[in-house]
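Residue numbers for the first sequence follow my numbering, so the first one is 229 and each next one is one higher.
Cβ atoms here follow ideal geometry from the backbone N, Cα and C, with glycine treated the same way.
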Amino acid sequence: MSELRIYNTLSREKEVFQPLNAPHVGMYVCGPTLYSFAHLGNCRTFMSFDVVFRYLKHLGYKVRYVRNITDVGHLESDGDVGEDKIAKRARLEKLEPMEVVQLYAVDFHKVLDDFNLLPPSIEPSASGHVIEQIEMTKKIIENGLAYEVDGTVWFDVEKFAKTYPYTELSGRKLDELLEGTRDNLEGQSEKRGRLDFALWKKAKPEHIMRWPSPWGEGFPGWHIECSAMSSKYLGEQFDIHGGGMDLIPTHHTNEIAQSVACCKKSPAKIWMHTNMLTVNGQKMSKSLGNSFLPEELFEGRHALLERGYSPMVVRFFMLQAHYRSTLDFSNAALQASEKGFQRLMNAVKLIADLKTSATSSFHFEKIKTEVYDALNDDFNTPVAIAALFEGVRIINSINDAKDTITAADKEQVQKLFSEIVFDVLGLKQETTGHSDKVSGLMNLILDLRKDVRTKKDFAASDKIRDELLKVGIQVKDGKEGVTWTSN
RNA sequence: GGUCGGGUGGCCGAGUGGUUAGGCAGAGCUCUGCAAAAGCUCGUACAGCGGUUCAAAUCCGCUCCCGACCUCCA
């Protein structure tokens, strides 16, 4: 079987995955800032890493997956001028900051649960690690790479860049960043270099969230939390650090700088970045106002949607694109995925009842190899799914007695589909949740319909079928009897 | 403006120097009382223009178009 290879943003190529301390794997993913509801684009990133988490576990690794919660320190604008996002929200809604965080945390977890994401091993919050962030900041000052001005501590990027390739992750040129004209230092705060960012911010009198520190009352900067928490739970060096692509140039670049400045070590071996979800070719984002809330999608409450789509259909839709490609969101694409998802799941259901033969008329190993080769190739879920569909065709064909399968192969197929579809891709059969009453009614109706069909009263029979279809119940007359599905 | 990424059949979306992506939609056939489901067959796509090569959609150059980042953003 092929080796797992992962695309590393640092090297810009796929590298064979070799954990620092096999079988243990440490993975850190930048989580949400809880100042609003998570939209679908946010969900895509966490879903991508959910598959990474699941696949690594499937391969037998003992994964510690840390995904943080940002509940303090994330500013509206750049490190100088903005207001803390959560503090602002709290002020506007007249809530305690922790109330704001709680509201969106509950929603966030519910949504990810709807999408069948596994919870991370540890979900640390920034506000719960202020001490660690202060300690790290102190160390960076000791190492001469940060300075305090009037209660605020700044990271000295230009000094750091003399001994370390500050822009290694983004591939930008430092000179060009320094030359940038979009803002200048005039009229701005006390920081020395235009790229310098805050490790600790002095709290203004009206600021609600504040902690004591060696530099007076204040709160931690946005980037330092991830450096502090990743090193606390995964060590100074760990295997995988992930997040959305938009975090590369600032957040992740600064994270590396902080960790190196503090511990002299680059924190992660592999940096993984997911691409954006787009709507009509444009990035889905809150500021552009084109974002979808998962709830709106499930219920079809959105101008761009003709109707709702279930969480598993959406999950399947997202897995049909590679995590490093943009994925364009549209009604038609969702519809296509819905059909495909149903086809896949129907086939999975069929496996258990397949009749076995003395020989198999297909090569199971070929499908299995294709699936694993795909997943090993930087978690290529769309190709893995394509290989599974080859299996779907065969399963259906066996069910139609046009192909054959041995008992041993059937067991293998069952195992492969169960492990890949459910455990790795994280899909699940969506229970239609009929009550006993509905089932009883359906049995009665179909029984009556059977009677009229025996009498060749097809008009009556078809009327029953057509009327049921109108309320969303589809009747299928198979060779083995009548089945029905409800949506 | 700078940096980076991309333009694939009706739609979504993989891949890549020579061999099938896959899903959805469409056409035909089989099965069926008819439907549905399922199976089989079919469309022969890679923005444009040059170049390299025995061979390019895949490499190189130019042009056009789109996007991301450079400001908070997964």
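Close-in-space but distant-in-sequence residues of the same chain around residue i (CB under 7 Å, 5 per side omitted)
i: GLY709; result: none
i: ILE613; result: LEU547 and GLN548
i: ILE701; result: TRP712 and SER714
i: ILE476; result: THR237, LEU397, SER398 and HIS501
i: VAL576; result: PHE645 and VAL649
i: HIS451; result: PHE425, HIS479, ASN482, GLU483 and GLN486
Buried or exposed (CB count within 10 angstroms, at least 16 for buried), residue i
i: LEU413; result: Because LEU413 carries a pLDDT of 47, less than 50, the predicted location of this residue cannot be relied on, and the following value inherits that uncertainty. LEU413 comes out exposed.
i: THR798; result: The structure shown does not extend to residue 798, since the chain is modelled only from 229 to 715, so the question has no answer here.
i: PHE686; result: exposed
i: VAL720; result: The displayed coordinates of the chain run from 229 to 715. Any statement about residue 720 would go beyond what the structure contains.
i: ARG693; result: buried
i: SER355; result: buried
i: SER230; result: exposed
i: LYS497; result: buried
i: GLU483; result: buried
i: PRO325; result: buried
i: VAL358; result: buried
i: ARG529; result: exposed
i: ASP403; result: exposed
i: VAL666; result: exposed
i: GLN510; result: exposed
i: THR481; result: buried
i: HIS302; result: buried
i: GLY717; result: Because residue 717 is not part of the residues shown, which for the chain are 229 to 715, the question remains open.
i: HIS591; result: exposed
i: ILE234; result: buried
Residues of its chain near residue i, where Cβ-Cβ distance is below 6 Å and the 5 sequence neighbours each way are ignored
i: LEU674; result: VAL710
i: TYR293; result: MET255, PHE281, PRO348 and SER349
i: HIS252; result: LYS290
i: TYR551; result: SER276 and THR502
i: GLU386; result: GLY421
i: VAL507; result: ASN518 and PHE557
i: ARG272; result: LEU505 and MET546
i: GLY307; result: Annotation note: pLDDT 47 at GLY307 (below 50); position unreliable, no value reported.
i: TYR263; result: LYS313, ILE314 and ARG317
Range of the contiguous alpha helix (DSSP H) that encloses residue i
i: PRO522; result: 522-527
i: ASP556; result: That residue, ASP556, is in no alpha helix (DSSP H); its beta strand (DSSP E) goes 555-557.
i: ASP664; result: 664-682
i: SER455; result: 450-462
i: MET500; result: Where MET500 is concerned, there is no enclosing alpha helix (DSSP H), although the beta strand (DSSP E) it sits in stretches over 496-502.
i: ALA374; result: No alpha helix (DSSP H) contains ALA374, which is instead part of the beta strand (DSSP E) from 374-377.
i: ASN249; result: Unbroken run through ASN249: none, as it is neither H nor E.
i: ASN604; result: 592-604
i: LEU505; result: Unbroken run through LEU505 is the beta strand (DSSP E), 505-507; no alpha helix (DSSP H).
i: LYS338; result: 325-342
i: ASN482; result: 481-491
i: GLU231; result: Counting along the chain, GLU231 falls outside any alpha helix (DSSP H), and DSSP gives it neither H nor E.
Delimiting residues of the beta strand (DSSP E) encompassing residue i
i: ALA426; result: 425-430
i: GLY470; result: 466-472
i: LEU381; result: The sequence as given places Val at residue 381; Leu does not occur at that position. Here the beta strand (DSSP E) through VAL381 covers 380-383.
i: GLN702; result: 701-706
i: THR365; result: Not the beta strand (DSSP E): THR365 falls in the alpha helix (DSSP H), residues 358-370.
i: SER714; result: 709-714
i: LYS401; result: It is not in any beta strand (DSSP E) - LYS401 carries neither H nor E in the DSSP assignment.
i: TYR283; result: TYR283 -> not in any beta strand (DSSP E); alpha helix (DSSP H) instead, spanning 268-286.
i: ARG535; result: First-last for ARG535: undefined, no H or E at that position.
Nearest residue (CA-CA) to residue i, options the options
i: THR298; options: GLU321, VAL328, ILE234 and ARG272; result: VAL328
i: GLY568; options: PRO610, THR395 and GLU243; result: PRO610
i: HIS435; options: LYS313, VAL488 and GLU386; result: LYS313
i: SER646; options: THR632, HIS662 and GLY619; result: GLY619
i: PHE277; options: LYS316, LEU405 and TRP499; result: TRP499
i: TYR392; options: VAL652, TRP382, CYS491 and ALA333; result: CYS491
i: TYR394; options: ILE623, ALA315, SER487 and ASP341; result: SER487
i: LYS596; options: PHE617, ASP474 and SER553; result: PHE617
i: ALA374; options: LYS367, PHE383 and LYS366; result: PHE383
i: ALA629; options: ALA636, ASP581 and GLU695; result: ASP581
i: LYS242; options: LYS643, ALA485, ASN608 and PHE265; result: ASN608
i: LEU578; options: LEU603, ASN627, ALA615 and LEU555; result: ASN627
i: LEU189; options: ASN559, TYR600, ASN624 and LEU532; result: Because residue 189 is not part of the residues shown, which for the chain are 229 to 715, the question remains open.
i: VAL652; options: CYS258, PHE265 and LEU284; result: LEU284
i: GLY288; options: GLU418, LEU232, HIS337 and MET437; result: LEU232
Residue i Cβ short of 7 Å to the ligand SAM heavy atom set
i: SER459; result: This structure does not include the ligand SAM; it has no bound ligands of any sort.
Proximal residues to residue i (C-beta, below 8 Å), its chain only, five neighbours per side dropped
i: PRO352; result: VAL294, ASN296, ILE297, MET457, LYS460 and TYR461
i: LEU345; result: PHE274, MET275, ASP278 and GLY654
i: LEU268; result: LEU505, MET512, SER519, PHE520, LEU521, PRO522, LEU525, VAL542 and PHE557
TODO: Count the C-beta pairs between the segment 577-587 and the segment 544-557 that are closer than 8 Å, then say yes if the count reaches three, no if not.
DONE: By the Cβ test, the segment 577-587 is not in contact with the segment 544-557, since fewer than three Cβ pairs between them sit closer than 8 Å.
Task: At least three beta-carbon pairs within less than 8 Å, the segment 521-538 to the segment 556-576 - done: Output reads yes: the segment 556-576 touches the segment 521-538.
Task: Segment contact flag, the segment 444-456 with the segment 414-434, C-beta cutoff 8 Å, min 3 pairs - done: With a cut-off of 8 Å, the segment 414-434 and the segment 444-456 count as touching, because enough Cβ pairs lie within range.
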